[in-house]
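First up is the structure itself, then whatever we jot down about it.
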Amino acid sequence: MTVTVYHNPSCGTSRSVLELVRQAGIEPEIVLYLKTPLTRADLDRLVKQGPATARDLLRSKEKLCAELGLDKPDVTDSQILDAIAAHPVLLNRPVVATPRGVKACRPADTVLSLLP
Numbered sequence: 000m001t002v003t004v005y006h007n008p009s010c011g012t013s014r015s016v017l018e019l020v021r022q023a024g025i026e027p028e029i030v031l032y033l034k035t036p037l038t039r040a041d042l043d044r045l046v047k048q049g050p051a052t053a054r055d056l057l058r059s060k061e062k063l064c065a066e067l068g069l070d071k072p073d074v075t076d077s078q079i080l081d082a083i084a085a086h087p088v089l090l091n092r093p094v095v096a097t098p099r100g101v102k103a104c105r106p107a108d109t110v111l112s113l114l115p
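Spelled out as structure tokens, the structure:
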């Protein structure tokens with residue numbers, strides 16, 4: 000099973016998710032998204048895999064989210080994905096992609112629903 004973790008090593012939840020994946024006997028592909036930002040096409044692909052929505056991928060606690068007005072209910076998915084592509088810090092970490100789907104795994108044990 001191919002598992003990709005969009006990871007921020009400075010985030011405790013992201014480290015916990017990575018450990019849970021490894022405890023399941025899987026060595027995931029790790030994407031350090033702050034160093035290798037996701038393109039808009041990457042983000043579109045993740046949302047199409049579901050069940051994560053554009054809003055699920057948005058880190059709403061990030062100060063920049065409010066500064067850009069992305070916390071307003073009328074903001075479109077397209078606007079959200081454009082903003083995440085332009086500002087990788089807005090990605091709600093960690094995001095995990097498996098053949099079972101894509102989720103922003105907060106809390107960490109959310110990842111278990113994506114694993115065998």
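Heads up, the sequence shown is in numbering that gives the first Met the number 0, so the first residue is 0 and it goes up one at a time. All C-beta atoms in this analysis are idealised placements derived from N, C-alpha and C, irrespective of residue type, glycine included.
Should residue 95 and residue 16 be called a contact, given that it needs their Cβ atoms to be closer than 8 Å?
Between residue 95 and residue 16, the CB-CB gap stays under 8 Å.
Per DSSP, which residues does residue 31 bridge with? Please list them.
Per DSSP, 6.
Whether residue 97 touches residue 30 by CB criterion (8 Å)
No, Cβ-Cβ distance for residue 97 and residue 30 is not below 8 Å.
Out of 11, 6, 25, 8, point me to the one whose CA is closest to residue 111's CA.
Nearest neighbour of residue 111 by Cα position, chosen from 11, 6, 25, 8, turns out to be 25.
Hey, how far is the Cα of residue 65 from the Cα of residue 59?
Cα to Cα, residue 65 sits roughly 8 Å from residue 59.
Give every residue of the same chain whose Cβ lies closer than 8 Å to the Cβ of residue 80, excluding the five residues on either side of it in the sequence, and list them in chain order.
Cβ neighbours of residue 80 within its own chain (closer than 8 Å, five residues either side excluded): 39, 42, 43, 46, 53, 56.
Assigned secondary structure, residue 90 (DSSP; H/G/I helix, E/B strand, else coil)
Of the three classes helix, strand and coil, the one that applies to residue 90 here is strand, per DSSP.
Between the Cα of residue 86 and the Cα atoms of 62, 99, 50, 51, which residue gives the shortest distance?
A check of alpha carbon separations from residue 86 across 62, 99, 50, 51 identifies 62 as the nearest.
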